[in-house]
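Only one structure is covered here, and it is reproduced in the block below.
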Amino acid sequence: MFKRVSGTKDILPDQINLWQEIEKISRNIFSLFNYQEIRPPLIEEASLFNRSLGETTEIVQKQMFLVKNNQETYALRPEGTVSIVRAYLENNLDKTSPFVKLYYIGPMFRLERPQKGRFRQFHHIGCEVIGSDDPLVDAENISLADKLLKCFKIEGYKILINSLGCLEDKKSLTQILHHSLKDKLDKLCDECRVRYSRNVLRILDCKNESCLKITGSLGLAEKHLCPDCQKHYDAVLKGLDTLKINYEKEPHLVRGLDYYTRTVFEIKHKDLDSQQDALGAGGRYDNLVGELGGPKTGAIGFALGLERLLLFTGLKPAKANNKLIYVITLGEEARKVGLNILSLLRREGLAADTDFESKSLKGALRKANDFQAKFVVLVGDDELREQSVTLKDMSLSSQKKVKIEDLVREVSVC
Ligand code: HAM
1 MFKRVSGTKD
11 ILPDQINLWQ
21 EIEKISRNIF
31 SLFNYQEIRP
41 PLIEEASLFN
51 RSLGETTEIV
61 QKQMFLVKNN
71 QETYALRPEG
81 TVSIVRAYLE
91 NNLDKTSPFV
101 KLYYIGPMFR
111 LERPQKGRFR
121 QFHHIGCEVI
131 GSDDPLVDAE
141 NISLADKLLK
151 CFKIEGYKIL
161 INSLGCLEDK
171 KSLTQILHHS
181 LKDKLDKLCD
191 ECRVRYSRNV
201 LRILDCKNES
211 CLKITGSLGL
221 AEKHLCPDCQ
231 KHYDAVLKGL
241 DTLKINYEKE
251 PHLVRGLDYY
261 TRTVFEIKHK
271 DLDSQQDALG
281 AGGRYDNLVG
291 ELGGPKTGAI
301 GFALGLERLL
311 LFTGLKPAKA
321 NNKLIYVITL
331 GEEARKVGLN
341 ILSLLRREGL
351 AADTDFESKS
361 LKGALRKAND
371 FQAKFVVLVG
381 DDELREQSVT
391 LKDMSLSSQK
401 KVKIEDLVRE
411 VSVC
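The sequence shown maps to residues 1 to 414 in my numbering.
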């Protein structure tokens, strides 16, 4: 027997209602905020990610699903932001509609060690606003993440926020860290000792206990920000206050991808352990559009991990097809009539199905119950003779004879 690849999941029919509910709510909320959907491909040239996420990032170093084809190397997308910036530029949106609010829902792929809440194929509900560095865009974007979580009925989360500043400020932060970690190297984990020389910011992202202890004691706080970036950060926080969004400033928050500048944020849940890190995260990437060959323009976005949302949502899955009309036929002749009744109902836009397995009446009724059918339409010898059907209302447990020509009206009225 074949098994699914480790770290992937089959989303079965009894789970799909909740997925669809979350997707439906997301689409509604995104359109309330005037975002439009975009669907880039799931594969891109690997070098697009190598360059944009950063050669030293964990994703590029260890987690890319690569497909080699002659001279080309493709990657299953590990995240959406970079593809969307590529699509924005390739389709000339920077010229035709330079300010865009886009959202996406779909699978991402990372070759990680699977565990609870951490998969190799997982799903993002994400969005990107490209074309502005206005701090109120940041505040609105973060408030959108908050709104989504509230609509998913998730409690117990908090929004952590920080500003990395511009590229120059990131360099200052790098210097501060080099200086303050210089004589603590022996207490850092092996990976962080390598990070110290390759990309010291990443040490702040390390989940190792002893590294957390050391970085926690550094007392970092916006010292690296230039006046412009400090002003931007203050305006973002003010915007969040105006929108009454709860947040906590977290000066150690750096995020694991190189493209971020200025605002970064993460949504933590009290019951997610440090290995699973967050329900979602995002931030500004004001240099990425320029780095990929476009104009210099600001951008911000976030992505929520759908599988992690499912761990905490208070939404109850909607009933399956609770308007279903289930047609049960007894005998060969009744079967033919039943098929015509199915066509008639479906032509009228009414969901209908029948018991193709030709079970006993009892078995077929049980099946109707399993489907939570609203009506059962029964066709037997009596009904054939009278050109009628027996219509059972499953919620009222009542039944009556109905002429076939009146059936649509009867089931539509209820
Ligand atoms: P990220 O932090 O890498 O950011 O991923 C966002 C969220 O995806 C995480 O907070 C987590 O909930 C979920 N996630 C990540 N990896 C896994 C996994 N292996 N299994 C299950 N869930 C996972 C980004 O990807 C950025 N593109 C977000 C962004 C958009 N920044 C700006 N715009």
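Ideal placement from N, C-alpha and C gives every residue a C-beta, glycine not left out.
Could you check the C-alpha separation between I161 and E266 for me, to the nearest Å?
Rounded to whole angstroms, I161 to E266 spans 7 angstroms at the Cα level.
Three or more C-beta pairs below 8 angstroms linking the segment 142–154 and the segment 165–176:
Output reads no: the segment 165–176 does not touch the segment 142–154.
Rounded C-alpha distance that separates Q61 from Y285:
The straight-line gap from Cα to Cα measures roughly 21 angstroms.
State the start and end residues of the unbroken alpha helix (DSSP H) segment that holds G338.
332–347
Work out the CA separation of N92 and N419 for me, nearest whole Å.
Here the chain covers residues 1 to 414 and nothing more, so residue 419 does not appear.
Are the segment 45–60 and the segment 191–209 touching, with three or more C-beta to C-beta distances below 8 angstroms?
yes
The ligand NAP and K401: does the residue's C-beta get closer than 6 angstroms to at least one heavy atom of that ligand?
Of the ligands one can find in the structure shown, namely the ligand HAM, none is the ligand NAP.
In whole angstroms, give me the CA-to-CA distance for I474 and L315.
This structure does not reach residue 474, given that the chain is present from 1 up to 414, and the question cannot be answered.
Between the Cα of T354 and the Cα atoms of G239, K147, N340, which residue gives the shortest distance?
N340
Going by the beta-carbon positions, is the gap between N322 and Q372 smaller than 7 angstroms?
yes
Would you tell me roughly how many angstroms separate the C-alpha atoms of Y233 and L306, rounded to the nearest one?
Between the alpha carbons of Y233 and L306 lies a distance of about 29 angstroms.
How is K392 classed by DSSP in three states: helix, strand or coil?
strand
Just to confirm my understanding: we take L330, look at its own chain, exclude 5 residues before and 5 after, and list those with CB closer than 8 angstroms. What are they?
L361, L378, V379, G380, D381
Using CA coordinates, which residue listed in A351, V376, A352 is at the minimum distance from G363?
V376
E79 CB to nearest heavy atom of the ligand HAM below 6 angstroms
For the ligand HAM, at least one heavy atom lies less than 6 angstroms from the Cβ of E79.
Could you tell me whether any non-hydrogen atom of the ligand HAM is closer than 6 angstroms to the CB of E140?
no
Taking the alpha-carbon positions, what's the G294 to E45 distance?
18 angstroms
Since T215 is in the alpha helix (DSSP H), which residue starts that stretch and which ends it?
209–216
Quick check: does the Cβ of G106 come within less than 6 angstroms of any heavy atom belonging to the ligand HAM?
no
Could you have a look at F49 and say whether DSSP puts it in helix, strand or coil?
helix
At 3 residues or longer, and completely inside the segment 282–311: list those beta strand (DSSP E) runs for me, N to C.
If we require 3 residues or more, the beta strand (DSSP E) runs fully inside the segment 282–311 come out as 299–305.
Along the beta strand (DSSP E) that carries D353, what are the first and last residues, could you check?
352–354
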